[in-house]
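Input: a single structure, listed below in structure tokens.
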Amino acid sequence: MSIFKKFIAGVAVIVWILICGEVFLRVISTVIPFYNVEMLRYAKTLKVENENPEISHAHKVNSSANLMGVEIKLNSLGHRSNELDGLKEKGEKRLFVLGDSIALGWGVAKEDVFVDNLEERLNEEKGSKTGFRFVTINSGVGNYNTFYKVELFKEQLKVVDPDLVVLQYYINDAEKNAIGRESFLLKHSLLIASIHYYLSIFSQEKKTLAEYYADIYKDESEGWKNAKKSLEELKMICKKKQIPLIALLIPDFHYLSIDNPLLPIYAKIQRTFDQNQIPMLNTFPGIYAEFGDEPKKAWVARDDPHPNKKAH
């Protein structure tokens, strides 16, 4: 056999292995959800490139997908919420929740997400007494940092017309903005994207998650600087529009012990919100009281540290 034919045969074998691997991964992941594979499905089925060049991605409006065993259905604004009925009715109070995959309710049925629980409780406990009808708007988008959340708020402020803004803040919200676009193969092949995902993990500098967070919250960190600027802008807009603004701090569910290494970072985040005069509810004490030193009891799945139904 000539060298050329050997080369062609070798390429054919590699292509065949990749095809078999792709088919196997797609089939097995429909039976056993894998966190990284489901996130890739999410990116492929529910995300699109954002028209705003400052933001890497947006939700695909009027779309739905079954991910991590639950349906995620998005309305005409890309929200995991019911459709807004045009202009506000008399007595209607809208709560605009800005967030990431935690607010979105990754891996959790819609009715069990804290955003929907809040709406139900407000209407049960306050609705009859005040005569108001409370509506929560869940604008959570996976992989959104503080900058992206505030940009989305600015885009949708007029149409949502909120009476209260709730910023769901997670510790990685000070990460730098994503740069560049995914290649065709990464976007369309679960196998190639999975290989890329694990290679990127192994090739990264060996740091603990706590050390990584400590780095992004250094005063000179670009992401932290951008996050603080966005918080200031959000506060300014809400003050100008006379819309109350509050924040909800969600802890990292890898570390839920009372002496975990992230507590100094939470304190730094709290000081920043205090300086901007944005009231913040720190949920760590309540979550610690419930899950203590067994953080995985709060996880959606064995390989997915997003909060489960009970944690919501």
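Per this note's numbering, residue 211 is the first one in the sequence shown, and the count goes up by one each step. C-beta: ideal position from N, C-alpha, C; glycine also. None of these values were measured; they are calculated from a predicted model.
Inclusion of I347 and L374 in the CB contact set at 8 Å is not warranted, their separation being larger than that value. Looking at K336, E334, E335, I312, the one whose alpha-carbon comes closest to that of V325 is I312.
Between A457 and F483, the CB-CB gap stays under 8 Å. DSSP places S274 inside the beta strand (DSSP E), whose first and last residues are 274–277. Beta-bridge pairing by DSSP links K303 to F344. Judged by DSSP secondary structure, N260 falls outside any alpha helix (DSSP H); it is assigned neither H nor E.
Where Q480 is concerned, the enclosing alpha helix (DSSP H) starts and stops at 473–485. In the DSSP secondary-structure assignment, D514 is bridged to A511. A check of alpha carbon separations from K449 across I426, I488, K300, Q480 identifies I488 as the nearest. According to the DSSP assignment, Q378 belongs to the beta strand (DSSP E) that extends over 374–380. The segment 464–480 makes contact with the segment 496–510; the number of CB pairs closer than 8 Å reaches 3 or more. A direct Cα-to-Cα measurement between N262 and L367 gives close to 15 Å. Spatial neighbours of G309 in its own chain (CB-CB distance under 6 Å, excluding positions within 5 residues in sequence) are listed in chain order as G350, Q378. When the beta-carbon positions are compared, A268 and G288 come within less than 8 Å of each other. E248 is bridged by DSSP to nothing; it lacks a bridge partner. In the three-state reduction of the DSSP assignment, V280 falls in the strand class.
In the DSSP assignment, L367 falls within the unbroken alpha helix (DSSP H) covering 356–370. With a beta-carbon spacing of about 6 Å, M490 and L459 fall inside the 8 Å limit used to define contacts. When the five nearest sequence neighbours on each side are left out, the beta carbons in the same chain lying within less than 7 Å of the beta carbon of P515 are those of F463, H464, W509, in order along the chain. In the structure shown, the three-state DSSP call for L455 is strand. Nearest to V360 by C-alpha distance, out of A437, E321, E330, P474, is A437. Burial state of I479 is buried, judged by a 10 Å Cβ sphere holding 16 or more other Cβ atoms.
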